[in-house]
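Engineer: Submitted below is the structure of interest, expressed as structure tokens.
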Amino acid sequence: MNNGFFDEFKNAWDKPNNALVQIIIINVVIFVVLLVLKVLLVVSEQGATYEVIRSKLMLPASIPYLLKQPWTVVTYFFTHEGFLHIIFNMLFLFWFGRIIQEFLGQNKVIALYVLGGLAGGLFYILIYNIIPFYQGRVEGSLMLGASAGVYAIVVGAATFMPNYTFFLLFLGPVKIKYIAIFYVLLSFSQSIGSNAGGELAHLAGAGVGFLYITQLNQGNDFGNWIIQFIKWIKSFFVSKPKIKVTHRNKAQQKAQSARTMNVEADQDEIDAILDKISQSGYESLSKDEKQKLFNASKK
0 MNNGFFDEFK
10 NAWDKPNNAL
20 VQIIIINVVI
30 FVVLLVLKVL
40 LVVSEQGATY
50 EVIRSKLMLP
60 ASIPYLLKQP
70 WTVVTYFFTH
80 EGFLHIIFNM
90 LFLFWFGRII
100 QEFLGQNKVI
110 ALYVLGGLAG
120 GLFYILIYNI
130 IPFYQGRVEG
140 SLMLGASAGV
150 YAIVVGAATF
160 MPNYTFFLLF
170 LGPVKIKYIA
180 IFYVLLSFSQ
190 SIGSNAGGEL
200 AHLAGAGVGF
210 LYITQLNQGN
220 DFGNWIIQFI
230 KWIKSFFVSK
240 PKIKVTHRNK
250 AQQKAQSART
260 MNVEADQDEI
270 DAILDKISQS
280 GYESLSKDEK
290 QKLFNASKK
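Residue numbering for the sequence shown follows numbering that gives the first Met the number 0, starting at 0 and increasing by one per position.
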């Protein structure tokens with residue numbers, strides 16, 4: 000049974016187009032590690048040590064404090080405390096993220112999640128330091144949770160496919176654009192409450208989700224640098240294949256040239272489909288166009 004669990008864990012990293020599950024696993028693993036540490040340290044009467052460890056992963060609103068632990072701009076949106084907090088975040092991430100992953104591919108999931116997290120964190124710091132209403136809360140204010148990244152994906156999915164329908168308990172079929180609007184308004188209404196920092200981060204994440212998909216439909220992927228940065232990091236841990244010199248005859252060269260032309264033609268076709276979505280919505284696509292978009296997202 001244990002081997003089966005670890006095999007499933009390992010396979011999650013081997014499967015193509017599986018970034019959504021990988022992000023969820025990272026969040027859950029960090030949550031479990033912190034939970035175990037908390038129990039062990041509190042039982043050992045070292046609760047203060049746990050608070051220090053947790054604070055090193057949380058994003059401070061104080062700029063001098065932030066300069067001492069700049070990594071928290073990233074670590075905060077992989078860190079949770081409380082079962083309901085992580086459960087709801089991961090459920091929303093999965094439900095809406097699979098729409099993005101299925102139709103746009105895993106790189107767009109990664110880009111949206113990270114961009115939303117970064118924007119949420121920076122907006123929280125900015126507002127807390129420049130608006131008098133929030134300035135009194137700067138000292139000692141710390142933030143954690145994936146909500147900003149999740150909001151980016153929720154609003155991104157609703158922007159891309161606004162009429163996609165979820166079947167909700169007690170409510171029946173509901174278009175995801177209404178779900179996104181409801182949660183954005185909810186966060187806005189609570190941005191003056193006890194969790195103001197978190198709600199502000201939600202709004203920034205939502206804004207990024209809308210802007211990212213809008214720009215993507217126009218052919219601008221401003222999240223591509225994140226994917227390139229991740230690839231650069233991975234290059235340090237993946238051994239490069241040895242160069243093998245082969246000699247091709249003219250027939251092989253022609254076949255390779257034909258394949259290259261087919262790839263370019265396929266990309267032009269996908270671009271045309273995305274343009275059609277931006278102009279008329281996903282529902283305007285034919286069955287064949289939807290299948291081609293789905294197949295492209297798996298590559």
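Note that CB positions come from ideal geometry on N, CA and C, so glycine has one too. As the structure is a computational prediction, the values presented were derived from the model and not from experiment.
What does residue 37 pair with, by DSSP beta-bridge criteria?
Structural biologist: DSSP output for residue 37 lists no bridge partner at all.
Engineer: Got a sec, what are the start and stop residues for the alpha helix (DSSP H) residue 199 sits in?
Structural biologist: 195-216
Engineer: Under 7 Å, do residue 119 and residue 204 count as touching if we go by C-beta distance?
Structural biologist: yes
Engineer: Give the DSSP-derived three-state secondary structure of residue 73 in the structure shown.
Structural biologist: Helix at residue 73.
Engineer: Applying the 10 Å Cβ sphere with the 16-neighbour rule, what's the burial state of residue 222?
Structural biologist: buried
Engineer: Can you say whether residue 110 is buried or exposed, counting buried as having 16 or more other CB atoms within 10 angstroms of its CB?
Structural biologist: Residue 110 comes out buried.
Engineer: Does DSSP put residue 46 in a helix, in a strand, or in coil?
Structural biologist: Collapsing the DSSP output to three states places residue 46 in a helix.
Engineer: Pairs of beta-carbons, one from the region 158-174 and one from the region 112-126, closer than 8 Å: are there three or more?
Structural biologist: no
Engineer: Are the Cβ atoms of residue 102 and residue 284 separated by less than 7 Å?
Structural biologist: no
Engineer: How far does the alpha helix (DSSP H) with residue 184 in it extend, from its first residue to its last?
Structural biologist: 175-188
Engineer: Output needed for residue 94: all residues of its chain with C-beta closer than 6 Å, excluding positions within five of it in sequence on either side, in chain order.
Structural biologist: The beta carbon of residue 94 sits closer than 6 Å to no other beta carbon from its chain once the five residues preceding and following it are set aside.
Engineer: How big is the Cα-Cα spacing for residue 156 and residue 47?
Structural biologist: Between the alpha carbons of residue 156 and residue 47 lies a distance of about 41 Å.
Engineer: Kindly examine the ligand MG and report whether one of its heavy atoms sits closer than 6 Å to the Cβ of residue 118.
Structural biologist: With respect to the ligand MG, the structure shown offers nothing to examine, as it has no ligands at all.
Engineer: Mapping the DSSP letters down to three states, classify residue 91 as helix, strand or coil.
Structural biologist: helix
Engineer: Between 153, 217, 41, 83, which lies nearest to residue 27 when the distance is taken from Cα to Cα?
Structural biologist: 83
Engineer: Have a look at 35, 196, 286 and flag the residue whose alpha-carbon is nearest the alpha-carbon of residue 124.
Structural biologist: 196
Engineer: Just checking my contact of residue 71 with residue 92 at CB under 8 Å: how many whole Å lie between their CB atoms?
Structural biologist: That pair is no contact at about 20 Å.
Engineer: Would you kindly check if the distance between the Cβ of residue 108 and the Cβ of residue 18 is under 7 Å?
Structural biologist: Inclusion of residue 18 and residue 108 in the CB contact set at 7 Å is warranted, their separation being smaller than that value.
Engineer: Starting from the C-beta of residue 60, find all residues in its chain whose C-beta is less than 6 Å away, skip the five residues before and the five after it, and write them out in chain order.
Structural biologist: 124, 127, 137, 140
Engineer: Which term fits residue 164, buried or exposed, when burial requires 16 or more other beta carbons within 10 angstroms of its beta carbon?
Structural biologist: exposed
Engineer: Can you look up residue 262 in the DSSP assignment and give me helix, strand or coil?
Structural biologist: Because residue 262 carries a pLDDT of 47, less than 50, the predicted location of this residue cannot be relied on, and the following value inherits that uncertainty. It is helical.
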